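Following my numbering, the numbering of the sequence shown begins with 211 at its first residue and continues without gaps.
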Amino acid sequence: MLAAVGLAQNLGALRALASEGIQQGHMALHARQVAISAGAQGADVDRIAGKLVQEKDVRLSRAKEL
211 MLAAVGLAQN
221 LGALRALASE
231 GIQQGHMALH
241 ARQVAISAGA
251 QGADVDRIAG
261 KLVQEKDVRL
271 SRAKEL
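See below:
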């Protein structure tokens, strides 16, 4: 019985990890870190991160260009 509950929880976790919402949220956080690494400050961090996600091109070199 406990094994079945554990398997069900694992399946639920895998399904959540595979969902687009979590992946999109992770990408937004990653884009913010890339923007900061590129030297962005203040409001520019969100502006650049948003553009990186929109372009689906989250790279340090692109963040520096922006």
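For every residue, glycine included, the Cβ atom is placed at its ideal position computed from N, Cα and C.
This one's a predicted model, so the numbers in the text were calculated from it and none came from an experiment.
field: Alpha-carbon to alpha-carbon, Leu-276 and His-236
entry: Along the sequence shown, one-based indexing puts residue 236 at 26. Along the sequence shown, one-based indexing puts residue 276 at 66. Here the alpha carbon of His-236 sits roughly 21 angstroms from the alpha carbon of Leu-276.
- request: Could you spell out the range, first to last residue, of the alpha helix (DSSP H) harbouring Leu-262?
  value: Residue numbering aside, residue 262 sits at position 52 when the sequence shown is read from its first letter. That run of the alpha helix (DSSP H) goes 253-265.
- prompt: Hey, out of Gln-251, Ala-250, Ala-259, Ser-247, whose CA is closest to Ala-238's CA?
  reply: For the purposes of this step, residue 238 is taken as the residue at position 28 of the sequence shown. The shortest C-alpha separation from Ala-238 is found at Ala-259.
message: Helix, strand or coil, according to DSSP, for Arg-272 in the structure here?
response: Your numbering for residue 272 matches position 62 in the sequence shown. Shown here, Arg-272 sits in a helix according to DSSP, grouped into three states.
- request: Go ahead and pull the three-state DSSP assignment for Ala-238.
  value: Within the sequence shown, numbered from 1, the residue matching residue 238 stands at position 28. In this structure, Ala-238 counts as helix in the three-state DSSP scheme.
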